[in-house]
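S.K.: Have a look at this one.
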């Protein structure tokens with residue numbers, strides 16, 4: 001896809017006056033994609049990736065998954081967890097792809113001089129997490145493993161930024177966290193790793209497409225093209241890790257060394273792939289575990305969310 005104009009989309013448009021007109025309409029309104037600072041899409045240009053239509057990005061306000069559910073977006077990535085919390089009422093989007101990441105991307109951090117040495121020591125402690133995210137699920141799984149209940153700890157729902165502030169000020173005994181916040185706490189605050197999420201999380205991060213975009217042939221092709229762009233950019237990052245880290249550092253005002261350390265710990269950013277029945281089964285296990293823990297009010301079936309053939 002490097003510097004080419006997505007032959008499938010443009011070929012379809014050239015072959016059909018209706019599709020050509022529709023592509024023009026899409027170009028006028030753009031594809032709406034959810035992203036965050038440091039998202040892979042910020043590296044498209046550096047990777048030599050171009051899109052044959054404009055893209056408008058959603059970068060603030062309500063969480064991206066809520067924006068997707070309310071049809072403010074056409075496409076967005078997420079973890080397995082947020083869609084489960086929205087079921088059964090919310091079926092406004094389809095999960096069509098999976099970013100497969102190393103399962104150890106989440107960690108439990110404790111202060112440098114903390115007396116916590118093992119997971120059983122979490123009893124009674126003040127624990128920061130982000131509700132309806134992988135950190136929430138990670139926390140529930142750890143508590144279950146240790147024979148602890150939600151009432152046995154002081155679990156505090158915090159945004160990532162508020163969690164960092166609370167950890168820095170000594171208001172947390174442990175922090176279930178992810179992303180470059182791990183490196184920030186480790187290098188700036190001397191945080192110590194208590195445990196990572198290997199064995200607790202699947203590493204699956206689905207991509208959702210709204211039903212309206214999913215049903216529109218032109219937008220379906222545009223979404224496929226966007227996901228192709230992500231695949232090629234992932235390959236570029238693998239070949240150019242320092243350039244990627246420096247670009248992200250400039251965007252987020254975080255030292256590039258933090259991103260290099262993150263990539264070194266993970267081994268790779270991930271790989272984008274077509275979902276399969278194992279993807280559904282993985283999310284169903286998450287849903288069943290959340291219900292068993294009392295985090296959601298009823299059992300849910302996640303299979304209607306998935307389209308296994310979108311990227312065929």
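In full-length UniProt numbering, the protein residues as written are 1 to 312.
Built from N, CA and C at the ideal position, the CB exists for glycine as well.
With a threshold of 8 Å, are at least 3 pairs of Cβ atoms found where one atom belongs to the segment 139-155 and the other to the segment 224-240?
M.R.: At 8 Å Cβ cutoff, the stretches do not touch.
S.K.: Counting C-beta neighbours from all protein chains within 10 Å, is the total for residue 213 16 or more, i.e. buried, or is it exposed?
M.R.: By the neighbour-count rule (16 or more Cβ atoms within 10 Å), residue 213 is buried.
S.K.: If you draw a straight line from the alpha carbon of residue 169 to that of residue 135, how long is it in whole angstroms?
M.R.: Taking the straight line joining both Cα atoms gives about 20 Å.
S.K.: Buried or exposed for residue 132, going by 16 or more other Cβ atoms inside 10 Å?
M.R.: Answer is buried; the Cβ neighbour count reaches 16.
S.K.: Would you check if the segment 107-116 and the segment 242-251 touch, i.e. whether three or more CB-CB distances between them fall below 8 Å?
M.R.: Verdict: no, contact absent.
S.K.: Pick out whichever of 72, 87, 219 has its Cα sitting closest to the Cα of residue 298.
M.R.: Ranking 72, 87, 219 by Cα distance to residue 298 puts 87 first.
S.K.: Taking the alpha carbon of residue 310 as the reference point, which residue from 253, 265, 211, 235 has its own alpha carbon closest?
M.R.: Among 253, 265, 211, 235, the Cα nearest to that of residue 310 belongs to 211.
S.K.: Classify residue 94 as buried or exposed, calling it buried when 16 or more other Cβ atoms lie within 10 Å of its own Cβ.
M.R.: So residue 94 counts as buried.
S.K.: Rounded to a whole number of angstroms, what is the C-alpha to C-alpha distance between residue 90 and residue 220?
M.R.: Going by the C-alpha atoms only, they are around 21 Å apart.
S.K.: Buried or exposed: where does residue 292 fall if 16 or more other Cβ atoms within 10 Å of its Cβ makes it buried?
M.R.: It counts as exposed.
S.K.: Between the C-alpha atoms of residue 303 and residue 183, what's the straight-line distance to the nearest angstrom?
M.R.: Approximately 36 Å between the Cα atoms of the pair.
S.K.: Quick one, which of 122, 74, 179 has its alpha-carbon nearest residue 260's?
M.R.: Per the Cα distances, 179.
S.K.: Could you work out which residue in 82, 69, 77 is closest to residue 290 when comparing CA atoms only?
M.R.: When only C-alpha atoms are compared, the closest one is 82.
S.K.: Who are the Cβ neighbours of residue 139 in its own chain at under 7 Å, not counting the five residues just before and after it?
M.R.: 127, 129, 155, 176.
S.K.: Below 8 Å on the Cβ atoms is my contact criterion, and I expect residue 67 with residue 34 to pass it. Report the Cβ-Cβ distance as a whole number of Å.
M.R.: With a Cβ gap of about 6 Å, residue 67 and residue 34 count as contacting.
S.K.: What separation, rounded to the nearest whole angstrom, lies between the Cα atoms of residue 283 and residue 80?
M.R.: Straight-line Cα distance between these residues: approximately 6 Å.
S.K.: Would you tell me roughly how many angstroms separate the C-alpha atoms of residue 143 and residue 85, rounded to the nearest one?
M.R.: Answer to the nearest angstrom: the Cα atoms are 19 Å apart.
S.K.: Is residue 230 helix, strand or coil by DSSP?
M.R.: Note: residue 230 maps to helix in three-state DSSP.
S.K.: Just reading off the alpha helix (DSSP H) that residue 214 is part of, what are its end residues?
M.R.: Unbroken alpha helix (DSSP H) run through residue 214: 211-215.
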